[in-house]
Amino acid sequence: MSAHILLLEDDPKLAQFVEMELRLEGYEVTLVTNGMDGLQQARETSPDLLILDWMTPGISGLDVCMRLRSTGTQAPIIMLTARDEIPDRVAGLNAGADDYVTKPFSIEELLARVNAHLRRLQPESSEGLTFEDLALNCITREVYRAGQLVQLTAKEFDLLEFLMRHPRQVVSREQILEQVWGYDFVGESNIIEVYMRALRIKLEASQPQRLIQTVRGVGYALREPS
Numbered sequence: 049m050s051a052h053i054l055l056l057e058d059d060p061k062l063a064q065f066v067e068m069e070l071r072l073e074g075y076e077v078t079l080v081t082n083g084m085d086g087l088q089q090a091r092e093t094s095p096d097l098l099i100l101d102w103m104t105p106g107i108s109g110l111d112v113c114m115r116l117r118s119t120g121t122q123a124p125i126i127m128l129t130a131r132d133e134i135p136d137r138v139a140g141l142n143a144g145a146d147d148y149v150t151k152p153f154s155i156e157e158l159l160a161r162v163n164a165h166l167r168r169l170q171p172e173s174s175e176g177l178t179f180e181d182l183a184l185n186c187i188t189r190e191v192y193r194a195g196q197l198v199q200l201t202a203k204e205f206d207l208l209e210f211l212m213r214h215p216r217q218v219v220s221r222e223q224i225l226e227q228v229w230g231y232d233f234v235g236e237s238n239i240i241e242v243y244m245r246a247l248r249i250k251l252e253a254s255q256p257q258r259l260i261q262t263v264r265g266v267g268y269a270l271r272e273p274s
């Protein structure tokens, strides 16, 4: 299942834009525009992460954050606000927020922060990952498909490991470049496509069912065969 994000934002255009971008990342999103509705939804649905605008009708996002923390909510909370003074940042963090993004902001930065917080929630396996008939050993760096060893290059292994740590989640080319190649990567523009093709050929040599799906115009996802 993809992660569930609660978005509290009363600016209609900004709310719709952020909701759309989060959904394109593969997340489930509940959008609310009122602080009281946000508090109620958070308590009823227990989202994996919350994005709260500071100034909202009803009660503020800051109050929502404080009330949720006072009742034991542990999910990461990112505050959105035009307030960029240090005392405001301190107030937000002291209220229980895990992160603070000032408006106007880059959607790429917000998505990166969301992804980073959600990654920290995922249990790290000290040995291996599994998906369908695919098994990856992080210690020996071996990969098996239906019990048969699949010989991968170092970068192919890193790419597959990244996909297996985000099962069923659509990951963009930008995310792959950032996580597998690093921010400073400079190379052929079709490098991801080249590696994906090579990885698929090796994984499907003995088992033709395709696990790595292309989401046209968005990126890739590791999914059960259709």
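Everything in the sequence shown is counted per this note's numbering, starting at 49 for the first residue and increasing by one.
Where a beta carbon is used, it is the ideal one built from N, C-alpha and C, also for glycine.
Keep in mind that this is a model prediction, so the values were computed, not measured.
Count the other C-beta atoms from every protein chain shown that fall within 10 angstroms of the C-beta of residue i, then say buried if there are 16 or more, exposed otherwise.
i: SER274; result: exposed
i: MET49; result: The predicted model places MET49 with a pLDDT of 49, which falls under 50 and marks its position as unreliable; any figure quoted below should be read in that light. It counts as exposed.
i: ALA123; result: buried
i: ASP132; result: exposed
i: VAL138; result: exposed
i: ARG245; result: exposed
i: PRO95; result: buried
i: VAL191; result: buried
i: ALA194; result: exposed
i: GLY265; result: exposed
i: GLY83; result: buried
i: GLU73; result: buried
i: GLN89; result: buried
i: ARG91; result: exposed
i: GLN223; result: buried
i: ILE240; result: buried
i: THR104; result: buried
So, residue i versus residue j, is the Cβ gap smaller than 9 Å?
i: LEU141; j: ILE99; result: no
i: ARG189; j: PHE205; result: yes
i: PRO272; j: LEU251; result: According to the sequence as given, residue 272 is Glu; it is not Pro. Contact flag unset, no.
i: PRO60; j: THR81; result: yes
i: GLU76; j: ALA51; result: yes
i: LEU197; j: LEU247; result: no
i: GLY144; j: LEU116; result: yes
i: ARG216; j: ARG167; result: no
i: VAL219; j: GLY267; result: yes
i: LEU97; j: ILE53; result: yes
Could you tell me which of the options sits nearest to residue i, measuring between CA atoms?
i: VAL112; options: VAL80, THR178 and GLY86; result: GLY86
i: GLN64; options: ILE107, GLY144 and THR78; result: THR78
i: GLU57; options: LYS151, THR119 and LEU116; result: LYS151
i: THR178; options: VAL218, LEU270, ILE239 and LEU225; result: LEU270
i: HIS165; options: PHE153, ILE155, GLY176 and ASP147; result: ASP147
i: VAL242; options: LEU225, PRO256 and THR104; result: LEU225
i: GLU17; options: VAL66, LEU97, ALA202 and VAL263; result: Look at the range of the chain in this structure, 49 to 274, and you will see that residue 17 is not part of it.
i: GLN199; options: GLY230, SER254, ASN238 and PHE153; result: SER254
Would you list the one or two residues that DSSP bridges to residue i?
i: PHE179; result: LEU182
i: TYR268; result: VAL219 and THR262
i: TYR192; result: ALA183 and LEU197
i: THR78; result: LEU54
i: THR93; result: Looking at the DSSP assignment, THR93 forms no beta bridge with any residue, so it has no partner.
i: ASP147; result: ILE126
i: ASP101; result: LEU128
Can we count residue i as close to the ligand PLP, meaning its CB is less than 8 Å from some heavy atom?
i: LEU166; result: Annotation note on the ligand PLP: not contained in the displayed structure, which lists no ligands.
Tell me, please, whether the segment 94-109 touches the segment 117-133 by the rule of three or more beta-carbon pairs shorter than 8 Å.
-> Yes: at least three Cβ pairs fall under 8 Å.
Are the segment 156-166 and the segment 177-188 in contact at 8 Å, needing three or more beta carbon pairs?
-> With fewer than three CB-CB distances shorter than 8 Å, the segment 156-166 does not count as touching the segment 177-188.
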